[in-house]
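Working notes, beginning with the structure itself.
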Amino acid sequence: MDKLQEFTIEHCHTSEIKMGRVCSFSSLIEVNLSNCRRLRELTFLMFAPNLKRLHVVSSNQLEDIINTEKAHDGEKSGIVPFPKLNELHLYNLRELKNIYWSPLPFPCLEKINVMGCPNLKKLPLDSKSGKHGGNGLIITHREMKWITRVEWEDEATKTRFLANRSSFSSSLICFSNDLVSRDMNCFHL
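If you read the sequence shown in the working numbering, its first letter stands for residue 887, the second for the next number, and so on.
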């Protein structure tokens, strides 16, 4: 698994991606999961320190990206997930409740796209998370109702991610064979 760079699964019916204790995905750069209807969590991603892009689409039972209980071993060894993640795309994940249970630094994160994730109430961000400056972190979403219900870590985080709002229309987002064209709201920092 050390040489695997891209991981794509479509139309899978398993509920869990299992890995051994010493498994590492050190070369993994991109993960694409689509229509994995029984998959409940993606905790194996804790062991992908070079992951840059994560796309998860239409996985109806997915509740956690990183599950608290299953991440115990990685947490004990001091692993901080997603140190090189640039893009996080979450589409049509009706049961998704949690990405990670506490704020992460995400030093390289430039883009978070969220559509159709009504149960995702909190993002693992604080006021220092993500890229800063002119090319800072952008959060895009389709539902204004969703962004207004997000529970922010604190007021500084809310201010950072909601203060510089600008909107654009007709964003085109492609994933696999799915084509989604929607009006979206964009927050750029």
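Glycine included, C-beta positions come from ideal geometry on N, C-alpha and C.
_Other residues of its chain near P967: CB distance less than 7 angstroms, five sequence neighbours each side excluded_ = L931, M932, I952, Y986, L990
*Sort out for me which residues DSSP pairs L940 with in a bridge.*
In DSSP, L940 forms a bridge with V917, L974.
*Please state whether DSSP places H1076 in a helix, a strand or coil.*
Residue 1076 is absent from the model: the chain starts at 887 and stops at 1075.
*If you compare alpha carbons, which of S945, G1016, F992, L971 is closest to K983?*
S945
*asked:* Given this structure, state the Cα-to-Cα distance separating K872 from D950, to the nearest angstrom.
replied: The displayed coordinates of the chain run from 887 to 1075. Any statement about residue 872 would go beyond what the structure contains.
*Determine, using beta carbons only, whether L1010 and P969 come nearer to each other than 8 angstroms.*
Note that residue 1010 corresponds to Pro in the displayed sequence, not to Leu. The answer is no: Cβ separation not under 8 angstroms.
*For S1013, which residues of its own chain have a beta-carbon under 8 angstroms away from its beta-carbon, when the five flanking residues on both sides are left out?*
These residues qualify, in order along the chain: E1039, D1040, A1042, T1043, T1045, R1046.
_Using only CA atoms, which one of C1003, T894, I1033 lies nearest to Y977?_
C1003
*asked:* On the CB-based measure, 16 or more other CB atoms within 10 Å of its CB, does N1005 come out buried or exposed?
replied: Exposed, because fewer than 16 other Cβ atoms sit within 10 Å of the Cβ of N1005.
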